[in-house]
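Quick note on my numbering: the sequence shown kicks off at 154 and runs consecutively. Glycine is no exception: its CB is placed at the ideal position from the N, C-alpha and C atoms.
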Amino acid sequence: MTRCIHCTRCVRFGQEIQGIQELGTTGRGENMQIGTYIEKNVDHELSANIIDLCPVGALNNKPYRYSARAWEMVQEPMIGAHDCVGSNLFVHSLRGRIKRVVPRANEAINETWLSDRDRFSYEGVYSEDRLMTVRRKVDDVWESTTWETGLSQLATTLRDSDGDIGFIVSPTATLEESFLLARLADHLGTNDIDSRLGQRDTSYQAFEPLVPTLGIAIDELEQQQGILLVGARLREEAPILAHRVRKAALKGASVATIDQTSTQYLFDRAAAITDDPLSALESVLDAARAEKDDDSEASSIARQLRHAERAVIVLGMAARTHSRSAA
Numbered sequence: 154m155t156r157c158i159h160c161t162r163c164v165r166f167g168q169e170i171q172g173i174q175e176l177g178t179t180g181r182g183e184n185m186q187i188g189t190y191i192e193k194n195v196d197h198e199l200s201a202n203i204i205d206l207c208p209v210g211a212l213n214n215k216p217y218r219y220s221a222r223a224w225e226m227v228q229e230p231m232i233g234a235h236d237c238v239g240s241n242l243f244v245h246s247l248r249g250r251i252k253r254v255v256p257r258a259n260e261a262i263n264e265t266w267l268s269d270r271d272r273f274s275y276e277g278v279y280s281e282d283r284l285m286t287v288r289r290k291v292d293d294v295w296e297s298t299t300w301e302t303g304l305s306q307l308a309t310t311l312r313d314s315d316g317d318i319g320f321i322v323s324p325t326a327t328l329e330e331s332f333l334l335a336r337l338a339d340h341l342g343t344n345d346i347d348s349r350l351g352q353r354d355t356s357y358q359a360f361e362p363l364v365p366t367l368g369i370a371i372d373e374l375e376q377q378q379g380i381l382l383v384g385a386r387l388r389e390e391a392p393i394l395a396h397r398v399r400k401a402a403l404k405g406a407s408v409a410t411i412d413q414t415s416t417q418y419l420f421d422r423a424a425a426i427t428d429d430p431l432s433a434l435e436s437v438l439d440a441a442r443a444e445k446d447d448d449s450e451a452s453s454i455a456r457q458l459r460h461a462e463r464a465v466i467v468l469g470m471a472a473r474t475h476s477r478s479a480a
């Protein structure tokens with residue numbers, strides 16, 4: 154409180170950007186203080202951006218605080234790896250150890266914001282639970298071994314496979330890592346390589362795009378007049394996209410949702426269906442074909458998408474991992 158100059162940037166960030174006010178002021182004049190509401194916390198998925206907004210350092214990064222000076226650190230540009238947005242960020246390190254992560258401005262992607270998980274997850278690099286050595290299973294028991302032994306055993310296993318082998322790569326792996334794994338699979342004479350770890354229905358895979366995309370640029374999302382979110386809990390899955398959708402809603406876009414969960418939306422929705430995504434979409438399709446004009450949620454969604462000059466349907470993880478996602 155001895156640093157705060159009562160600029161109220163942190164308060165206005167909650168009102169204008171987050172859509173939920175988590176900080177407020179008590180008192181007047183020189184007795185005014187910034188604080189949280191009674192029994193409330195600051196836990197929005199973009200809340201840590203107030204660290205960058207604070208002009209005097211009254212709000213700062215707790216894991217990084219007092220551990221390094223800004224001019225001592227090396228700055229490297231990187232990309233956030235926790236969702237499909239790819240937020241631009243800087244990693245600040247001191248003598249090879251990551252000290253903090255800050256946003257890197259890119260108006261086409263994350264503007265000047267950064268989700269909290271992209272900002273603070275670097276601590277996992279130094280977690281005691283992280284696997285730091287090669288491990289192999291011997292008689293159903295995992296044991297640590299050296300890199301030489303582990304790589305030698307792996308090479309022998311791959312060499313003896315005669316191409317009868319498949320590869321599974323994490324969807325969060327880098328393009329370079331995935332490319333090298335594809336080269337290894339090609340060298341071993343197999344095309345069995347996949348990264349769809351959460352997808353249960355692959356019956357439509359012959360017609361799926363090689364690279365699923367949003368279909369539009371990220372910054373164009375807030376320019377849409379109609380948006381339908383299907384099984385998409387954007388605040389959890391892609392906070393930066395949730396921010397863009399909220400901006401679109403504030404500009405007058407009709408945002409509708411199909412979601413079985415009680416996700417909190419920080420804007421007014423034009424329509425909402427809390428039903429199974431597949432049956433809900435069938436209802437919307439039937440309403441669109443019949444061009445119904447009743448008061449049902451399905452008819453409202455169909456009408457909004459039909460009349461919008463620019464509209465987009467966003468499939469979330471609940472839709473992509475549905476047992477009948479192909480349908």
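{"Query": "Residue of S452, A423, D448 minimising C-alpha distance to V437", "Result": "S452"}
{"Query": "Contact between the region 203 to 218 and the region 159 to 167 (3+ Cβ pairs under 8 Å)", "Result": "yes"}
{"Query": "Backbone secondary structure at F332 - three-state DSSP", "Result": "helix"}
{"Query": "Contact between the region 229 to 239 and the region 407 to 425 (3+ Cβ pairs under 8 Å)", "Result": "no"}
{"Query": "Whole-number beta carbon distance between R270 and H235, since they are thought to touch under 8 Å", "Result": "5 Å"}
{"Query": "Residues bridged to T310 (per DSSP)", "Result": "Bridge partners of T310: none, in fact."}
{"Query": "Cβ pair count under 8 Å reaching 3, the region 471 to 480 against the region 340 to 358", "Result": "yes"}
{"Query": "Beta-ladder partner(s) of F320, from DSSP", "Result": "I346"}
{"Query": "Which of helix, strand or coil DSSP assigns to R248", "Result": "coil"}
{"Query": "Rounded C-alpha distance that separates Q186 from F273", "Result": "27 Å"}
{"Query": "Closest residue to R353 among W295, P216, A472 (Cα-Cα distance)", "Result": "A472"}
{"Query": "Check whether L199 and P392 have beta carbons under 7 Å apart", "Result": "yes"}
{"Query": "Where K400 falls: helix, strand or coil (DSSP)", "Result": "helix"}
{"Query": "Cβ neighbours of N202 in the same chain (closer than 6 Å, five flanking residues each side left out)", "Result": "W266"}
{"Query": "Candidates Q174, T302, R250, S348, of which the one nearest V364 by Cα", "Result": "S348"}
{"Query": "Other residues of its chain near Q174: CB distance less than 6 Å, five sequence neighbours each side excluded", "Result": "G167, Q168"}
{"Query": "Counted within 10 angstroms of its Cβ, other Cβ atoms place N263 as buried (16 or more) or exposed", "Result": "buried"}
{"Query": "Burial state of S280, where buried means 16 or more other Cβ atoms lie within 10 Å", "Result": "exposed"}
{"Query": "Where the beta strand (DSSP E) through V287 begins and ends", "Result": "287 to 291"}
{"Query": "Within 7 Å, strictly: CB atoms of Q492 and A461", "Result": "With the chain covering only 154 through 480, there is no way to say anything about residue 492."}
{"Query": "Cα-Cα separation between L341 and L311, rounded to whole angstroms", "Result": "8 Å"}
{"Query": "Beta-carbon spacing of V294, Y275 below 7 Å", "Result": "no"}
{"Query": "Member of D339, R397, E389 whose CA lies at the smallest distance from the CA of L367", "Result": "R397"}
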